[in-house]
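Remarks on the structure that follows.
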Amino acid sequence: MIKIIAMAAMLIDHIGAVFFPGMLWLRIIGRISFPLFAWGIAAGYIRTSNWKRYAARLLATGLVTQVPYSLLFQNDNLNICFTLLAGLLSLRVLEAKDNWIRLPGLAGIMLAVHILKFEYGIYGLLTILVFYYCRNNSRLPLYQGILTLGGIIIYRLHIIQIFSVISSFLLPRLQMYDFRLNRALKYGFYPIHILLLLIIKISIG
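So for the sequence shown, numbering that gives the first Met the number 0 puts the first residue at 0; every next one is plus one.
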């Protein structure tokens with residue numbers, strides 16, 4: 000259920016961004032999408048039996064999507080799959096048995112996220128970490144809210160990003176109805192919907 004809502008919110012957000020930029024309510028709905036995907040990375044890291052394969056699937060999806068993504072949104076950012084991958088790698092580094100690798104490893108990932116312009120930047124990476132380390136904390140909405148305000152100030156995110164905090168209130172209820180999606184649907188949705196929106200955009204001029 001969580002992934003379905005995340006995908007639906009993402010689709011609504013992208014339709015608004017590409018075709019109806021003046022309809023702010025579409026973008027507001029879309030604000031819950033990334034945090035739900037961030038939670039998915041946190042949960043996926045706990046569940047996965049092979050984090051390397053998990054990372055490889057995220058990387059492959061990101062690479063396949065990058066060209067249509069850049070053409071659709073007309074920017075030079077790396078798409079959200081790379082941000083999710085960075086979050087997964089950060090969790091792996093922070094959970095490493097060797098203490099000496101944690102800080103430099105995380106610093107290296109954060110530097111790459113910033114220099115290569117991953118979507119949502121370091122704010123996006125930290126969101127994944129917050130969802131992982133605070134997943135059982137009743138103050139999760141507070142921590143996410145503080146982080147989001149920081150993202151709005153530092154990254155100059157649109158003020159509507161504050162609506163992303165709604166996701167923290169939804170998660171406890173949505174987890175009651177959670178189920179695993181078919182892997183092809185889970186990884187195929189992102190590149191396919193980006194490509195379809197690009198085709199429509201080109202078709203209508």
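For each residue, glycine too, the CB sits at the ideal point set by N, CA and C.
Checklist entry - Straight-line CA distance for Leu77 to Phe117? => result Along the sequence shown, one-based indexing puts residue 77 at 78. Along the sequence shown, one-based indexing puts residue 117 at 118. Cα to Cα, the separation comes out at about 5 Å.
Checklist entry - From the DSSP output, which residues share a beta bridge with Leu173? => result The residue labelled residue 173 in the question sits at position 174 within the sequence shown. DSSP, once it has assigned bridges, lists no residue as partnering Leu173.
Next on the checklist: Can you tell me whether Phe188 is buried or exposed? The criterion is at least 16 other CB atoms within 10 Å of its CB, across all chains shown.
Outcome noted: On the sequence shown, position 189 is the one that residue 188 refers to. Phe188 comes out buried.
Item to check | CB-CB length for Gly150 against Gln160, believed under 8 Å | outcome: Within the sequence shown, numbered from 1, the residue matching residue 150 stands at position 151. Within the sequence shown, numbered from 1, the residue matching residue 160 stands at position 161. About 6 Å separates the Cβ atoms of Gly150 and Gln160, confirming a contact at the 8 Å cut-off.
Next on the checklist: Count Cβ pairs between the region 98-106 and the region 41-49 that sit closer than 8 Å; are there 3 or more?
Outcome noted: Because the criterion of three Cβ pairs below 8 Å is not met, the region 98-106 and the region 41-49 do not touch.
Item to check | Length of the line joining the Cα atoms of Leu71 and Val63 | outcome: Mapped onto the sequence shown, residue 71 falls at position 72. Mapped onto the sequence shown, residue 63 falls at position 64. For Leu71 and Val63, the distance between alpha carbons rounds to 14 Å.
Checklist entry - What residue range is occupied by the uninterrupted alpha helix (DSSP H) comprising Gln65? => result Locating residue 65 in the sequence shown gives position 66, where the first residue counts as 1. Here the alpha helix (DSSP H) through Gln65 covers 50-72.
Next on the checklist: Just to confirm my understanding: we take Ile193, look at its own chain, exclude 5 residues before and 5 after, and list those with CB closer than 7 Å. What are they?
Outcome noted: Counted from its first residue, the sequence shown places residue 193 at position 194. So the qualifying residues of the chain are Thr64, Pro67, Tyr68, Leu71.
Next on the checklist: Since Tyr53 and Gly39 should fall inside the 8 Å C-beta cutoff, what is the C-beta to C-beta distance between them, to a whole number of angstroms?
Outcome noted: Along the sequence shown, one-based indexing puts residue 53 at 54. Along the sequence shown, one-based indexing puts residue 39 at 40. No, Tyr53 and Gly39 are not in contact; Cβ-Cβ is about 11 Å, not under 8 Å.
Item to check | C-alpha distance - Pro140 paired with Ile165, whole-angstrom precision | outcome: Position 141 of the sequence shown, counted from the start, is the residue given in the question as residue 140. Position 166 of the sequence shown, counted from the start, is the residue given in the question as residue 165. About 8 Å.
Next on the checklist: Using a 10 Å radius around the Cβ and a threshold of 16 neighbouring Cβ atoms, would you call Arg30 buried or exposed?
Outcome noted: If you number the sequence shown from 1, residue 30 lands on position 31. Buried, since its Cβ has 16 or more Cβ neighbours within 10 Å.
Item to check | Inter-residue CB distance, Ile3 and Phe162 (contact presumed, cutoff 8 Å) | outcome: For the purposes of this step, residue 3 is taken as residue 4 along the sequence shown, with counting starting at 1. For the purposes of this step, residue 162 is taken as residue 163 along the sequence shown, with counting starting at 1. About 19 Å separates the Cβ atoms of Ile3 and Phe162, ruling out a contact at the 8 Å cut-off.
Checklist entry - Hey, how far is the Cα of Ala5 from the Cα of Asp97? => result Taking the first residue of the sequence shown as position 1, residue 5 is located at position 6. Taking the first residue of the sequence shown as position 1, residue 97 is located at position 98. For Ala5 and Asp97, the distance between alpha carbons rounds to 35 Å.
Next on the checklist: Let me check understanding here. Comparing Cα to Cα, which of Leu173, Met175, Gly123 lies closest to Leu156?
Outcome noted: Indexing the sequence shown from 1 puts residue 156 at position 157. Ranking the options by Cα distance to Leu156, first place goes to Gly123.
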